[in-house]
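Protein chains in written order, with our numbering: chain A, 8 to 408; chain B, 216 to 744.
For reference, the structure is listed below as structure tokens.
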Amino acid sequence: MRSLVVSRTPARFATARLLSRFAVERAVESGPLTLRDGPPKQPPNSDWRRAVPILSGICGSDLATIFFEASRYFDPMTSFPFTPGHEVVVELPEDPGVRFVLEPALTCSVRGTPPCNACASGNTQLCSNTTFGDLAEGIQTGFCSSTGGGWSTEFLAHKDTLHRLPAEYTLEESVMIEPFACAIHAALRPARRSGSLAIVGAGTVGLSILAAAKALGCYSSITVAAKHPIQRELARQLGADAVIDPSELARRARSAAKANRAGSYLGGGFDSTIDAVGSAGSLESAILSTAPGGEVVAAGMPATTHLDLAPLWHREINLKGSYAYGTEVLGPEIATRLNQPQSIRTFSLAIALAKSANIGALVTHKFRLSEYVEAISKARAGGKEDAVKVVFDMRKVKHDG
Amino acid sequence: MTARPGFVLEVDRSTPPTLFWYGENFRLERLPRSSRILYPPEPLPAIRDVRTAIENALDNPAGDQKPLDALLFPGMQLTIAFDDVSLPLPQMTAPDIRSLVIEAVLERAAQAGVEDVQLVAALALHRRMTEGELKHAVGKRAYNALKPRGLLTQHDAEDQANMLEIGHTDQGELVEINRRAAESDLLVYVNINLVSMDGGHKSVATGLASYASIRHHHNVKTMVQSRSFMDRHSSELHSSNWRMGRLIKDAGIKIFQIETTLNTNTFPDSFRFLQRREWEWDLRDRASFVAANGALAKTPPALARQIFHSIRSPYGVTGVNAGEVEAVHDLTLAKVFEQQLVRVEGQTDILTMGLPFVGPYNVNSIMNPILVYCLSLGYFFNMYRHKPLVRKGGVVIISHPTRPEFDPAFHPSYIDFYEQVLTETTDPLIIEQKYEETFARDPWYIHLYRTGNAYHGVHPFYMWYWGAHALDHLGGVIVMGGDPKTVRRLGFKPASTLNDALEMAGSIVGANPTVTHLHSPPLVMADVY
Chain A
8 MRSLVVSRTP ARFATARLLS RFAVERAVES GPLTLRDGPP KQPPNSDWRR
58 AVPILSGICG SDLATIFFEA SRYFDPMTSF PFTPGHEVVV ELPEDPGVRF
108 VLEPALTCSV RGTPPCNACA SGNTQLCSNT TFGDLAEGIQ TGFCSSTGGG
158 WSTEFLAHKD TLHRLPAEYT LEESVMIEPF ACAIHAALRP ARRSGSLAIV
208 GAGTVGLSIL AAAKALGCYS SITVAAKHPI QRELARQLGA DAVIDPSELA
258 RRARSAAKAN RAGSYLGGGF DSTIDAVGSA GSLESAILST APGGEVVAAG
308 MPATTHLDLA PLWHREINLK GSYAYGTEVL GPEIATRLNQ PQSIRTFSLA
358 IALAKSANIG ALVTHKFRLS EYVEAISKAR AGGKEDAVKV VFDMRKVKHD
408 G
Chain B
216 MTARPGFVLE VDRSTPPTLF WYGENFRLER LPRSSRILYP PEPLPAIRDV
266 RTAIENALDN PAGDQKPLDA LLFPGMQLTI AFDDVSLPLP QMTAPDIRSL
316 VIEAVLERAA QAGVEDVQLV AALALHRRMT EGELKHAVGK RAYNALKPRG
366 LLTQHDAEDQ ANMLEIGHTD QGELVEINRR AAESDLLVYV NINLVSMDGG
416 HKSVATGLAS YASIRHHHNV KTMVQSRSFM DRHSSELHSS NWRMGRLIKD
466 AGIKIFQIET TLNTNTFPDS FRFLQRREWE WDLRDRASFV AANGALAKTP
516 PALARQIFHS IRSPYGVTGV NAGEVEAVHD LTLAKVFEQQ LVRVEGQTDI
566 LTMGLPFVGP YNVNSIMNPI LVYCLSLGYF FNMYRHKPLV RKGGVVIISH
616 PTRPEFDPAF HPSYIDFYEQ VLTETTDPLI IEQKYEETFA RDPWYIHLYR
666 TGNAYHGVHP FYMWYWGAHA LDHLGGVIVM GGDPKTVRRL GFKPASTLND
716 ALEMAGSIVG ANPTVTHLHS PPLVMADVY
């Protein structure tokens with residue numbers, strides 16, 4: 008079995024972080040990630056399957072880990088050494104030709120623990136047992152030493168986490184289902200679920216949220232702040248009502264709301280804003296551009312940031328997080344529009360909507376596993392180098408072999 | 216000594232490089248042989264005793280109008296409206312001609328026992344003037360006497376309570392003007408007629424009107440049919456204003472129009488090379504050019520702007536005419552044409568022009584990209600009579616840095632127009648239909664127009680419509696030395712050098728094109744046959 012492995016090597020983490028600012032490829036080569044050949048992992052029990060990845064995506068959280076930029080908050084919820092990769096479309100050796108997408112959350116049901124309150128209510132994204140049970144610590148496949156991950160030729164998946172895909176789904180649509188599920192969850196996080204929505208950032212997270220919000224059909228207008236030409240082009244393609252430069256956000260918020268403005272103070276703004284970047288600048292900009300009493304959803308993974316929260320306090324903005332997915336309560340209007348039950352697993356909804364939402368369009372680059380340095384560098388560059396979602400194509404590994 | 220007339224020079228081997236304005240700097244460019252350069256006439260002799268000329272005009276009105284003294288009486292309400300800061304360009308050295316006229320009128324009013332006098336800056340939808348600008352325009356004496364008493368005001372096109380509907384023209388155009396002006400026993404209008412577009416009925420019908428009224432002629436259809444709006448008799452913009460003006464007259468509103476004309480003595484002595492023909496530059500001119508050009512190239516744009524906007528033009532007054540609006544304006548136009556008109560035989564394939572640091576809408580401010588568009592395609596392109604200087608399907612090459620810079624205090628709606636409208640379309644008709652109403656009614660823009668120094672929310676739209684006739688006529692527009700991204704957003708093409716620009720233009724107009732350069736400012740207007 009061949010896999011990319013992240014080891015707990017402080018010096019390599021520090022080197023990766025240092026070099027990442029000016030020599031990304033060198034940072035990857037000198038960092039904690041290495042390509043290894045080794046024996047396959049043994050399933051803990053008969054509920055686990057050997058899954059063979061076909062496409063496996065590179066996520067922002069993977070990059071933050073490799074370049075040692077993630078919050079230390081996640082340290083206790085990660086077990087080393089691990090193989091990254093949680094956006095995976097796989098085949099099972101016993102079921103060839105049939106594709107499955109992995110729901111990578113390692114929650115009570117796969118850890119053999121009694122369901123915690125969150126899991127019992129369907130909110131598996133809030134599971135309190137991600138460090139307990141049959142498996143080593145890890146909130147998801149891709150951060151857990153017991154399961155392996157998608158950046159490999161094989162890993163372990165619990166049978167309940169594998170969702171069979173319709174045959175007509177392309178591989179690109181399939182590999183985007185996991186991030187799309189996150190996006191649906193984020194798009195449903197604003198309590199109001201109507202009015203004007205702004206999405207700050209148009210990488211995979213931002214564009215997926217745009218696709219989700221369009222598919223849900225509940226917002227009267229969607230404005231996307233996109234930095235790079237490919238992001239702007241895809242945002243238009245996915246149906247954004249307005250695509251703007253991030254520097255224009257506050258001005259667009261003002262004119263959309265026909266509000267007054269005095270300096271950075273806006274008398275109105277977007278009803279809801281989803282931050283799909285996670286930086287201090289993007290969060291501050293989101294808060295300033297949201298109408299008093301409105302909501303800001305942090306969907307991009309933030310790390311330690313320094314924020315001016317005066318406008319949040321003064322404008323009574325509700326700032327809330329959005330992590331992964333669980334069970335969504337759609338409400339009658341959205342459920343009817345989508346012809347779905349009012350209460351539905353986010354992943355099921357993502358699978359149902361992925362094709363019509365054209366989410367596969369976000370896959371821009373594919374690399375062999377052996378090309379991981381180039382792949383990760385490309386993913387890191389993102390829109391600057393016309394990349395959105397970069398994936399490993401394991402079929403190419405087989406050719407290598 | 217009489218002023219030399221303007222003329223058309225044909226470039227040959229001995230022609231020195233030609234001066235092109237380039238925003239807050241200049242370029243010297245070699246035009247291809249056989250190109251034509253259109254030079255403005257030299258400044259006409261100025262009236263030596265302007266005060267006496269004013270008195271004469273007030274006493275000897277043109278057309279069917281009584282002398283001013285005969286129109287003044289005790290107990291009357293007198294309003295004196297005057298052109299705003301958009302004229303002249305650059306601002307003239309003190310005393311501004313408006314201040315001399317206003318002082319003379321105020322003097323006569325005082326002698327006649329008129330007590331209810333109010334001054335109104337005829338802003339239309341322009342920005343409010345700053346206190347310094349007001350003081351310069353009306354003069355210290357009038358400013359100090361009237362401003363503290365609230366009698367020096369600025370027209371507010373959004374103050375519905377102080378607008379008066381006069382009626383509709385036979386074409387259904389709403390005429391709605393400043394109530395104080397309309398209800399006065401006499402409205403005196405004090406104008407500076409820098410170009411032939413200014414003045415006449417446009418002074419009151421536009422300068423003191425509301426958005427609801429102005430929109431009847433400031434729209435794409437009217438602009439496309441104004442060929443050019445520097446030629447009143449071929450301008451739908453003016454036809455509409457004339458219909459409105461006659462309606463105002465028929466409604467019994469008494470207007471005493473005072474129009475003044477200036478010569479083209481535009482730059483102070485330190486910049487005299489700007490209004491001399493290159494082959495006549497002496498050592499001092501060359502040294503001034505080299506020094507100015509070198510220093511400005513190293514000066515940050517904001518500082519260069521400040522330097523240029525501090526220039527005061529030593530304009531000489533060439534005419535003062537007063538009386539009935541149309542009769543006065545005919546005299547004014549004759550004087551303007553005498554100063555600016557140059558006969559040109561035949562159109563050109565490519566028209567080149569250098570844009571200076573200032574246009575009517577960025578006095579003491581930034582020439583933002585939309586104003587670059589307006590100054591080139593709106594103003595300079597339209598500096599013609601009979602036929603455009605450039606042929607149908609021809610190309611205009613503009614020299615200007617065209618940076619994406621805006622003044623947030625003066626031009627707030629321009630920023631949104633640039634970001635929100637031009638990213639979607641540059642088509643004037645679509646822009647008008649889809650976006651105008653939203654910007655015009657935006658309460659924040661209205662607030663800033665009424666209380667700050669911001670142009671009205673609709674103003675960038677008018678700038679765009681101003682270029683509609685040129686857009687309709689031209690095969691392409693190239694900006695030499697402009698910021699490429701900004702230039703593209705305007706719908707133009709960027710080029711780094713004149714040769715590149717000419718090559719690009721050649722691909723539109725064909726091989727061996729004719730080239731004509733508009734050597735302006737000082738202002739020049741082509742009479743094309």
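For glycine and all other residues, C-beta sits at the position ideal for the given N, C-alpha and C.
Neighbour flag for residue i against chain A, beta carbons, 8 Å
i, result
"W659 (chain B)", "yes"
"Q490 (chain B)", "no"
"H662 (chain B)", "yes"
"I630 (chain B)", "yes"
"Q292 (chain B)", "no"
"E634 (chain B)", "yes"
Where residue i falls: helix, strand or coil (DSSP)
i, result
"W496 (chain B)", "coil"
"W236 (chain B)", "strand"
"I146 (chain A)", "coil"
"G307 (chain A)", "coil"
"Y254 (chain B)", "strand"
"A331 (chain A)", "coil"
"T343 (chain A)", "helix"
"Y426 (chain B)", "helix"
"W6 (chain A)", "Here chain A comprises residues numbered 8 to 408, so residue 6 (chain A) is not present and cannot be evaluated."
"N583 (chain B)", "coil"
"Q326 (chain B)", "helix"
"P299 (chain A)", "strand"
"P516 (chain B)", "helix"
Residue i - partner residues in DSSP beta bridges
i, result
"V559 (chain B)", "B:V743"
"A336 (chain B)", "B:F297, B:Q369"
"P60 (chain A)", "A:V97"
"K396 (chain A)", "A:V370"
"N406 (chain B)", "B:E474"
"K708 (chain B)", "B:I693"
"S450 (chain B)", "B:S441"
"T230 (chain A)", "A:A205, A:A249"
"R106 (chain A)", "A:E98"
Anticipated Cβ contact below 8 Å, residue i with residue j, distance rounded
i, j, result
"Q472 (chain B)", "S418 (chain B)", "7 Å"
"T533 (chain B)", "L477 (chain B)", "6 Å"
"T384 (chain B)", "L334 (chain B)", "Not really, about 28 Å apart at Cβ, beyond 8 Å."
"L245 (chain A)", "A218 (chain A)", "5 Å"
Contacting residues, own chain, Cβ-Cβ under 6 Å from residue i (five flanking each side not counted)
i, result
"P575 (chain B)", "S301"
"E185 (chain A)", "E94"
"A542 (chain B)", "A277, G278"
"G414 (chain B)", "N406, N408, E474, H544, T547"
Same chain only: Cβ atoms within 7 Å of residue i, ignoring 5 sequence neighbours per side
i, result
"L663 (chain B)", "P627, A669"
"L462 (chain B)", "I381, G382, T384, V390"
"N727 (chain B)", "none"
"P299 (chain B)", "Checking the displayed sequence, the identity of residue 299 (chain B) turns out to be Asp instead of Pro. Hits under 7 Å: A336, A337, L338, H341, M344."
Close beta carbons around residue i, own chain, < 8 Å, minus the five adjacent residues each side
i, result
"R266 (chain B)", "L315, A319"
"F87 (chain A)", "V13, S14, R15, S152"
8 Å Cβ cutoff, residue i in contact with chain B
i, result
"R261 (chain A)", "yes"
"E255 (chain A)", "yes"
"A266 (chain A)", "yes"
"I251 (chain A)", "yes"
"R118 (chain A)", "no"
"R322 (chain A)", "no"
"R243 (chain A)", "no"
"R258 (chain A)", "yes"
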